[in-house]
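Working notes, structure below.
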Amino acid sequence: MHTNRLEAIGLTHTYGQGNAAAPALADVSLTIGADGPEAVAIMGPSGSGKSTLLHVLAGIVAPASGRVAWRGRDLASMRDGERTKLRRSDFGFVFQSGQLLPELPAIENVALPLMLGGTARTGAEAAAGTLLHRLGLGEMLGRRPGELSGGQAQRVAIARALVGSPGIVFADEPTGALDRSTGDAVMSLLIGATLGHGASLVVVTHDPEVAAMCSRVVRLQDGRIVSDERRSDERADAVPATAHAAPSGAAPVGTAPSYALPGTASAPMPLPQHPSYGAARSEAHVPNPLRDAVQQSWIEASR
Ligand SMILES: Nc1ncnc2c1ncn2[C@@H]1O[C@H](COP(=O)(O)OP(=O)(O)OP(=O)(O)O)[C@@H](O)[C@H]1O
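1 is the number of the first residue of the sequence shown in full-length UniProt numbering; add one for each residue after it.
Spelled out as structure tokens, the structure:
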């Protein structure tokens, strides 16, 4: 059995009570990462329960019944503080936008998880810098989120999700605010870098193109899983060959494998510039309970 295994059994969840009750999940069972890292897309119509499932899997929302076990441990058996700590150490998160701390430069946003875990600033920033270089952002270390394009901000978010070497990364519409070509490049990078770190990816998406890049697609309807398909014909461009090199966050810049797209070797990824600089920041106010809970835990921990 693979270590980084997330197992959900018989999950149900209902918002509200009585006449106002809205069932969101009904007897959902699935296992992620049982045989090693995988990229799983969660799809389904609006209101089918995708976000609720992500929140329950990440331990933000407690299911009404059923259980979620990470590495064999039931999330419900942990104290709140322990679950919050686990989310920081074992889980990575990438949201549509607005997840970076706006006042911190890219390198500090990425170094933060390591510093909160006890790594000294110098070491944390060295590892953050290495990862940002690999993601093609070597020139952007000192820029704040409001000074980055949407695609650049998402790459910083990917670096922050991965810098602590999580076992699983949860992504909620990570390319939803990007144009097609930027979104495809970011998604390819997210899958390649996550699997390259030995972690699984769970991505909620409406976008069939995004799902097509994943090795498994789970479809929900009315809170139930209606299909769970594994693909053996992964799109060739979805996972860069270098992604499987299992990089170390502390590898020296220049010698480490790059996550650049195939054919671009170690050159920075030529993402098109987003026409609207600061877009990532202006989107920050769209409510998202999971992102806001994760963000709040960063803010509290960094005080
Ligand atoms: N906080 C809430 N209070 C009450 N009902 C909610 C709440 N959040 C979600 N719901 C309801 O639960 C159901 C599932 O919602 P959920 O957001 O999980 O679906 P989704 O598939 O992610 O939708 P979308 O694609 O539109 O984001 C819907 O009927 C929704 O109206």
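Ideal Cβ positions, reconstructed from N, Cα and C, are used throughout, including at glycine.
Keep in mind that this is a model prediction, so the values were computed, not measured.
Could you tell me whether any non-hydrogen atom of ligand 1 is closer than 6 Å to the CB of residue i?
| i | result |
| --- | --- |
| A20 | no |
| G47 | yes |
| K50 | yes |
| A24 | yes |
For my contact list, residue i and residue j are in at a C-beta cut-off of 8 Å; report their separation, rounded to the angstrom.
| i | j | result |
| --- | --- | --- |
| A41 | A211 | 4 Å |
| S48 | D222 | 6 Å |
| A34 | R5 | 5 Å |
| T3 | R83 | That pair is no contact at about 19 Å. |
| L114 | G129 | The pair is not a contact, with the Cβ atoms about 12 Å apart (cut-off 8 Å). |
| R67 | A76 | 6 Å |
| F91 | P208 | Actually they are not in contact, since the Cβ atoms of F91 and P208 sit about 26 Å apart, beyond 8 Å. |
| V94 | L189 | The pair is not a contact, with the Cβ atoms about 11 Å apart (cut-off 8 Å). |
Go through its chain and collect everything with a Cβ distance to residue i's Cβ below 8 Å, but skip five positions before and after it.
| i | result |
| --- | --- |
| V186 | G151, Q154, R155, I158, P174, T175, L178, L271 |
| K50 | I42, M43, G44, V204, L220 |
| L54 | I42, F170, D172, V202, V204, L290 |
| L131 | V110, A159, L162, V163, G249 |
Sorted by chain position, which residues of the same chain lie with C-beta nearer than 7 Å to residue i's C-beta, five sequence neighbours on each side aside?
| i | result |
| --- | --- |
| S89 | G117, G164 |
| D22 | For clarity, residue 22 is Ala in the given sequence; the question names Asp instead. Within the same chain, A22 has close Cβ partners T14, Y15, G16. |
| G10 | D27, S29, S65, G66 |
| residue 326 | With the chain represented from 1 up to 303, any question about residue 326 goes unanswered, as that position is not in the structure. |
| S227 | R219 |
Quick one: residues in its chain with C-beta nearer than 6 Å to the C-beta of residue i, no 5 flanking neighbours on either side, listed in chain order?
| i | result |
| --- | --- |
| E125 | I107, A111 |
| S215 | E38, A39, R231, E234 |
| D184 | none |
| G254 | Any reading at G254 needs caution, since the residue's pLDDT is 32, under 50, leaving its predicted position unreliable; the model's value is listed next. So no residue of the chain qualifies. |
| V61 | H55 |
| L137 | R155 |
Here's the rule I'm using: 16 or more other beta-carbon atoms within 10 Å means buried, otherwise exposed. How should residue i be labelled?
| i | result |
| --- | --- |
| Q17 | exposed |
| R160 | buried |
| Q7 | One detail in the question is off: residue 7 reads as Glu in this sequence, not Gln. That one is buried. |
| G36 | exposed |
| residue 323 | There is simply no residue 323 to check, as the chain begins at 1 and stops at 303 in what is shown. |
| R87 | buried |
| T134 | In the sequence as displayed, the identity of residue 134 is Arg instead of Thr. By the neighbour-count rule (16 or more Cβ atoms within 10 Å), R134 is buried. |
| T194 | buried |
| A120 | exposed |
At a Cβ threshold of 7 Å, is residue i touching chain B?
| i | result |
| --- | --- |
| G49 | Note that chain B does not occur in the displayed structure, where there is just one protein chain. |
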